[in-house]
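This report refers to the structure that appears directly beneath it.
Protein chains: 2
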Amino acid sequence: MFKKRINAQKSRELFLNSFEPLSQIEILPIEECDGRIIAENIIAGIDVPHYRRAAMDGFAVMASETLGAGTGSPVMLRLANTMEKGACIRVHTGSPMPEKSDAVVMMEDTVFYGDKVEIFTQIHPLKNVGAIGEDVQKGENIITRECLLRPCDIAVLASLGIGNIKVFKRPVVVIIPTGEELVPRWKKNLEDGEVYETNGLMSAMYIRKWGGIPRLLDIVTDSPEKINEAITSNLDADMIITSGGTSVGKRDFVPAVVESIGKLLVHGVGISPGKPTALGIINGKPVLCMPGYPVAGIVALFFYGKAAFRRLGRIPDEPERIVQAELSEKIAGRTGYKTFARVKIDNGRAIPLATTGAGILSSVSKADGFVIIPENIEGRNAGEKVEVVLIE
Amino acid sequence: MFKKRINAQKSRELFLNSFEPLSQIEILPIEECDGRIIAENIIAGIDVPHYRRAAMDGFAVMASETLGAGTGSPVMLRLANTMEKGACIRVHTGSPMPEKSDAVVMMEDTVFYGDKVEIFTQIHPLKNVGAIGEDVQKGENIITRECLLRPCDIAVLASLGIGNIKVFKRPVVVIIPTGEELVPRWKKNLEDGEVYETNGLMSAMYIRKWGGIPRLLDIVTDSPEKINEAITSNLDADMIITSGGTSVGKRDFVPAVVESIGKLLVHGVGISPGKPTALGIINGKPVLCMPGYPVAGIVALFFYGKAAFRRLGRIPDEPERIVQAELSEKIAGRTGYKTFARVKIDNGRAIPLATTGAGILSSVSKADGFVIIPENIEGRNAGEKVEVVLIE
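Structure, rendered in structure tokens:
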């Protein structure tokens, strides 16, 4: 029988608080670090720019010499190679500012012929000049440990001349599909009672998408010994996901096996579909036991698996992709459960798909996202504005 | 000089309408197809399930024999191996339904001892029975051409026993960083006037993140011949991105080179930062000329580059990740320009970062996202609710 059913949020907190994020690091070239979590603080070793630079194309001047210049009253300067009274020097965006010059007159505000340059605007010192360190100052903490690195962050590292950095290792997740009805997808001509394995494959692909390293095992039959062996021979992994065998039938051994090796925290949770989910810890590693029914499995994977994976890998929270839509017809929640209703989005309307049938995998593929109904709400009515969390 | 400046939206439409999506396909194993665009309609070749299956653990029965059963008035059946009057057969979730049986009584509604089974509930035919094809019907169009494949879609393909599928090829994007001030990031000890190349690296990483194949060239100096050579020797690629040399200075040759080889559509656009962006077409391939200033470059890359890349690769639109926040202080838009203001999000508040300084790369890294101010709006006020489009 199930342990006492535990509320969705509470069971997830219990799960997440029962293991620690990974601490192992690796050193990688920056160009391989998109989406990785940095494991060090980056202190700028140089100023960027490291020299005073022109911020515009034009002429470097001593600003005081433009005093009184205007559209009708140009100041005349002499094009030169070194700065002195009455001189100006041609500069491009990014060029070093010549010594003694302190401002740049934009090309548009000048007319020049031969070595004569007419200046049609009065400018103040530092105008159109990029100061040393205006982008990054030497000694500045430019990126903080445990940030998720985006390409624009890596560009900043490149601007500092940094080649390699420390990042946290990507979690290795072993995935164990169980069930004597399952056959690999390369078998031809199914017998009655045979079903192609899909949950393990799908979980492996989500783990990869989330930034982890999946290790998808061969199908394990419904045998406590075989399940035990599959788990214990993969305890070098950082997280364990099993699929199937979590209900309370004669062939459902997975939670008991977890309990026999480690600690079963929860069996039976307040998500729908997904009630037969079990959560455990073995050797300090999170174990998610997904129900074998595909829709229940995917809901458990998203609600528990993704959160656990992200905590393990120190990946900061990010908002889901959400679309606002008007519900085309009523959907019912299941009292006491956080209900994940599959919907298709069509022209601003959210159209519920078969809300029963946790076994109907194709309903997830047909869905654009979930409308999530909290435990204490009976359902949502036709015409209501709802948030649709897109299925990634 | 710039061509006439063209409005942000209009220039993007012009750009997107001037080339066609790619048509080349490749055949790949399904497990490599996450995030890919399918290039065929998938018609189910089998029913899923292909046999009548039990949807619960329990006993297969002839429903008519449970007539009158109730909590206080069980019907007694005999545990058997073949179905006949008065018999029932033990089944598990997913087992084939025995011939002649038409319903399953859940284990919870029975008590059994030896070969006697007491049934405590009356059930109707088809109860707890999964029909042939209840998930997918043979002949059904289960996935439509040009869908973006998610792991849950690939799971459906696996459930049909499909091993390989046709997908559109990933766009190859050549990236050409230009500028005589640029040096590669492995050079030690910069001279005055030298800057590490960052825009090319950053663009390459975004292209990879978006699902493309970047080809990042070595730095090209500000020479029309060298720029021409870099472009023309890479016309096997599907898209061209250049960085730098797009302004109207003495060293800005890129738009003219594009014009000399193909067609320059636009030079000077209504985005801020990013005005010196140029857009062109060479041999039917989109060419994005990003300004060299890093913030201008990234805005051009997001606004034009991403849209063009997605059209090329037939990638459907997806909503941005957005966070609602309260603006901590006023930000000004630039009249006539779609303005991208960098903000940091802290505790539900959007805090503007240096809104000037298109050269300040670190400001993008410090930002969580952009508040986008339309052309016809002066700005947004402190305390206003704004949408922050997260920088990915």
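Residue numbers (the numbering used here), protein chains in the order written: chain H, 1 to 392; chain U, 1 to 392. Note that CB positions come from ideal geometry on N, CA and C, so glycine has one too.
Worksheet item: Which residue's Cα is closest to the Cα of A332 (chain H): H:I43, H:N381, H:A256, H:D317?
Response: Here the closest residue by C-alpha is H:N381.
Fill in: Any 3 or more C-beta pairs closer than 8 Å across the segment 9–22 of chain H and the segment 152–161 of chain U
No, the segment 9–22 of chain H is not in contact with the segment 152–161 of chain U.
Worksheet entry | Proximity of D222 (chain U) and D252 (chain U) at Cβ, strictly below 9 Å | Taking 9 Å as the Cβ cut-off, D222 (chain U) and D252 (chain U) qualify as a contacting pair.
Worksheet entry | Integer-rounded CB distance, given that F120 (chain U) should sit under 8 Å from I25 (chain U) | Contact flag wrong, Cβ pair sits at about 57 Å.
Fill in: Distance, G58 (chain H) Cα to F112 (chain H) Cα
In this structure, the CA atom of F112 (chain H) is about 11 Å from the CA atom of G58 (chain H).
Worksheet entry | Segments of 3+ residues assigned as beta strand (DSSP E) that fall wholly inside the segment 199–247 of chain H | Within the segment 199–247 of chain H, complete beta strand (DSSP E) segments of at least 3 residues are found at 213–216, 239–243, given in chain order.
Fill in: Beta-carbon proximity list for A230 (chain H), same chain, < 7 Å, skipping 5 on both sides
Counting only residues of its own chain and dropping the five nearest sequence neighbours on each side, A230 (chain H) has a CB closer than 7 Å to the CB of I176, L217, V220.
Worksheet item: For the candidate residues U:I298, U:A296, U:A256, whose alpha-carbon lies nearest to that of I281 (chain U)?
Response: Of the listed residues, the one whose Cα sits closest to I281 (chain U) is U:A256.
Fill in: the segment 84–99 of chain U touching the segment 225–239 of chain H, judged by at least three CB pairs closer than 8 Å
No, the segment 84–99 of chain U is not in contact with the segment 225–239 of chain H.
Worksheet item: Residues of chain H with CB under 8 Å from T198 (chain U), in chain order?
Response: Chain H residues near T198 (chain U): A155, V156, A158, S159.
Fill in: Exposure of N128 (chain U), with buried meaning 16 or more beta-carbon neighbours within 10 Å
Looking at its Cβ environment, which holds 16 or more other Cβ atoms inside 10 Å, N128 (chain U) is buried.
Worksheet item: At least one CB of chain H closer than 9 Å to the CB of G179 (chain U): is that the case?
Response: At a cut-off of 9 Å between beta-carbon atoms, G179 (chain U) makes contact with chain H.
Discussion item. I'd like the list of long-range same chain contacts for A44 (chain U), defined as Cβ closer than 6 Å, with 5 residues on each side in sequence excluded.
Written reply: Taking C-beta separations shorter than 6 Å and ignoring five residues to either side along the sequence, the partners of A44 (chain U) in its chain run V136, K138, E140, I142, L160, following chain order.
Discussion item. Can you find the residues in the same chain that come closer than 8 Å, C-beta to C-beta, to A55 (chain H), ignoring five residues on each side of it along the sequence?
Written reply: If we look at A55 (chain H) and ignore the five residues flanking it on each side, its Cβ neighbours are T93, V104, N128, V129, G130.
Worksheet item: Hey, would you say S328 (chain H) sits closer than 9 Å to I351 (chain H), going by beta carbons?
Response: It is a contact, given that the beta carbons lie within the stated cut-off.
Item to complete: For the alpha helix (DSSP H) containing C152 (chain U), list its first residue and its last residue.
Response: C152 (chain U) -> alpha helix (DSSP H) spans 151–159.
Item to complete: Consider the Cβ of H92 (chain H): report whether some Cβ of chain U lies at a distance smaller than 9 Å.
Response: True, the Cβ-Cβ gap to chain U drops below 9 Å.
Discussion item. Bridge partners for M106 (chain U) per DSSP, in chain order?
Written reply: Residue pairing of M106 (chain U) in beta bridges, as defined by DSSP: U:G58.
Practice prompt. Have a look at the DSSP bridge pairing and note the partners of Y113 (chain U).
Written response: Paired residue(s): U:K116.
Practice prompt. Select from U:I271, U:K187, U:I298 the residue whose C-alpha is nearest the C-alpha of I241 (chain U).
Written response: If we check each option's Cα against that of I241 (chain U), U:I298 comes out closest.
Worksheet item: For I298 (chain H), which three-state DSSP category applies?
Response: In the structure shown, I298 (chain H) falls within a helical segment according to DSSP collapsed to helix, strand and coil.
Discussion item. In the DSSP output, which residue or residues are listed as bridge partners for E326 (chain U)?
Written reply: The secondary-structure analysis by DSSP pairs E326 (chain U) across a beta bridge with U:R349, U:K385.
Item to complete: Give the single residue among H:M107, H:G68, H:T110, H:D153 whose Cα lies nearest to the Cα of N41 (chain H).
Response: Of H:M107, H:G68, H:T110, H:D153, the residue nearest in Cα terms is H:D153.
Worksheet item: Do we get a CB-CB distance below 9 Å when we pair D102 (chain H) with the residues of chain U?
Response: Chain U contact via Cβ: absent.
Worksheet item: Can a CB atom of chain U be found closer than 9 Å to the CB of G249 (chain H)?
Response: Among the residues facing chain U, G249 (chain H) is included, as its CB has a counterpart in that chain under 9 Å away.
Practice prompt. Please say whether V195 (chain U) and P291 (chain H) have beta carbons closer to each other than 9 Å?
Written response: With respect to the 9 Å criterion, P291 (chain H) and V195 (chain U) are not classified as neighbours on the basis of their beta carbons.
Worksheet item: Taking any Cβ of chain H, which residues in the segment 49–81 of chain U have a Cβ under 7 Å from it, in chain order?
Response: Interface annotation for the segment 49–81 of chain U against chain H: P49, H50, Y51, A55, D57, criterion Cβ-Cβ distance under 7 Å.
Item to complete: Report the rounded CA-to-CA distance for P294 (chain U) versus A367 (chain H), giving the unit in angstroms.
Response: So the two alpha carbons sit approximately 39 Å from each other.
Worksheet item: Using DSSP with H/G/I as helix, E/B as strand and the rest coil, what is R185 (chain H)?
Response: Three-state DSSP puts R185 (chain H) in coil, outside helix and strand.
Worksheet item: Where do the ends of the alpha helix (DSSP H) carrying F370 (chain H) lie?
Response: Taken as a continuous stretch (DSSP letters only), F370 (chain H) belongs to no alpha helix (DSSP H), being part of the beta strand (DSSP E) at 369–373.
Worksheet entry | Cut-off 8 Å between Cβ atoms - residues of its own chain near P125 (chain U), not counting five sequence neighbours on either side | Listed in chain order, the non-local C-beta contacts of P125 (chain U) below 8 Å within the same chain comprise A63, S64, D102, A103, local neighbours out to five positions each way being set aside.
Discussion item. Give me the chain U residues within the contact set of R150 (chain H), using Cβ-Cβ distance strictly less than 7 Å, ordered along the chain.
Written reply: At a beta-carbon threshold of 7 Å, the residues of chain U lying near R150 (chain H) are I391, E392, ordered along the chain.
Fill in: Short CB-CB distance (under 9 Å) between S243 (chain H) and chain U
No, no contact with chain U.
Worksheet item: With respect to the beta strand (DSSP E) encompassing A87 (chain H), which residues constitute its N-terminal and C-terminal limits?
Response: Looking at the DSSP string, the run of the beta strand (DSSP E) that includes A87 (chain H) is 87–91.
Fill in: Chain-ordered chain H contacts of Y337 (chain U) [CB-CB under 7 Å]
Contact annotation for Y337 (chain U) against chain H: no contact, minimum CB-CB distance about 18 Å [criterion: below 7 Å].
Discussion item. If the cut-off is 9 Å on Cβ atoms, which residues from the segment 314–338 of chain H count as contacting chain U, listed in chain order?
Written reply: Those would be E318, P319, E320, R321, I322, V323, in chain order.
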